[in-house]
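Everything in the sequence shown is counted per the UniProt record's numbering, starting at 1 for the first residue and increasing by one.
Following: one structure in structure tokens, then a few remarks.
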Amino acid sequence: MSPTLSHADIHSLKRNEALEILAQISRVEKKTFPTNEAFGFGEELWRKKPNTRVLYTTRANENTARSDLVGYAVYVRQKGVALLHKLCVIEAYRRQGVGHQLMSYIQERLRKEGCQYIQLWVDQAREPAWALYRRCGFEEREVIPDYYAPGRTGIRMVLDLARDG
């Protein structure tokens with residue numbers, strides 16, 4: 001049985017709480033992605049970017065009174081389209097359904113906001129991420145060799161929220 005996960009938006013938090021979550025996300029980001037692909041998770045994401053959303057997933061920790069960060073996502077919304085920049089599950093929690101639950105949460109949230117499509121790019125070499133997006137209903141639309149770096153192919157994927165809803 002998988003533990004209960006909670007999903008939230010850093011924009012629903014007070015400044016200090018948001019900065020603590022962003023600091024945790026930043027540490028994970030630096031461990032998970034190459035320097036040139038690591039996203040900057042600073043205060044400006046909480047304060048100044050109305051079209052940018054940072055969502056995070058936590059799970060209750062039985063040993064402490066607090067919850068542990070298990071994943072996060074970043075997307076930018078432009079009218080009816082959301083560009084998913086990042087979805088990351090902390091390594092210790094991978095292959096436990098966390099990514100799928102977070103993706104389902106994002107889809108439902110964007111549908112409620114009237115969004116019609118989610119678009120993303122995934123590195124063909126990141127098979128678990130690529131497989132997750134396919135399981136969530138994304139379709140491949142474009143393949144660009146050397147998109148991320150020489151020898152690293154990028155795949156543009158799109159999910160039609162109206163059709164898959």
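Every residue, glycine too, gets a C-beta built ideally from N, C-alpha and C.
Remember, it's a predicted structure, so these values are computed and weren't measured experimentally.
According to DSSP, residues forming a beta bridge with residue i
| i | result |
| --- | --- |
| Met103 | According to DSSP, which records beta bridges pairwise, Met103 is partnered with nothing at all. |
| Cys88 | Tyr72 |
| Tyr117 | Val81 and Asp160 |
| Glu140 | Met157 |
| Thr57 | His7 and Gly71 |
| Thr52 | Val76 |
| Val122 | Ile155 |
| Ala38 | DSSP, once it has assigned bridges, lists no residue as partnering Ala38. |
| Ala149 | Arg152 |
Cutoff 8 Å; reference residue i; Cβ partners in own chain excluding five residues on either side
| i | result |
| --- | --- |
| Leu69 | Ile21, Gln24, Ile25, Val28, Tyr56, Thr57, Thr58 and Ile90 |
| Glu37 | Tyr148 |
| Arg163 | none |
Sequence-distant residues of the same chain with beta carbon closer than 6 Å to residue i, five excluded per side
| i | result |
| --- | --- |
| Leu5 | Thr57, Arg59 and Gln101 |
| Tyr93 | Val70 |
| Leu84 | Tyr75, Ile118 and Leu120 |
Cβ-based neighbour list, residue i, same chain, cut-off 7 Å, excluding 5 preceding and 5 following
| i | result |
| --- | --- |
| Asn61 | Ser67 and Asp68 |
| Glu139 | Met157 and Val158 |
| Leu110 | Ala82, Ile118 and Leu161 |
| Ala125 | Arg152 |
Contact check, residue i vs residue j, beta carbons under 9 Å
| i | j | result |
| --- | --- | --- |
| Leu45 | Gly71 | no |
| His11 | Val54 | yes |
| Gly80 | Gly114 | yes |
| Pro145 | Arg95 | no |
Residue i classed as buried or exposed, judged by whether at least 16 other C-beta atoms fall within 10 angstroms
| i | result |
| --- | --- |
| Lys14 | exposed |
| Phe33 | exposed |
| residue 169 | The question about residue 169 has no answer here: the residues shown for the chain are numbered 1 through 165. |
| Ala131 | exposed |
| Ile106 | buried |
| Gly99 | buried |
| Val74 | buried |
Check: residue i C-beta below 8 Å from any heavy atom of the ligand SAH
| i | result |
| --- | --- |
| Met157 | What this structure holds is no ligand at all, so the ligand SAH is not there to describe. |
key: Three-pair Cβ contact test at 8 Å for the segment 120 to 131 versus the segment 150 to 160   = yes
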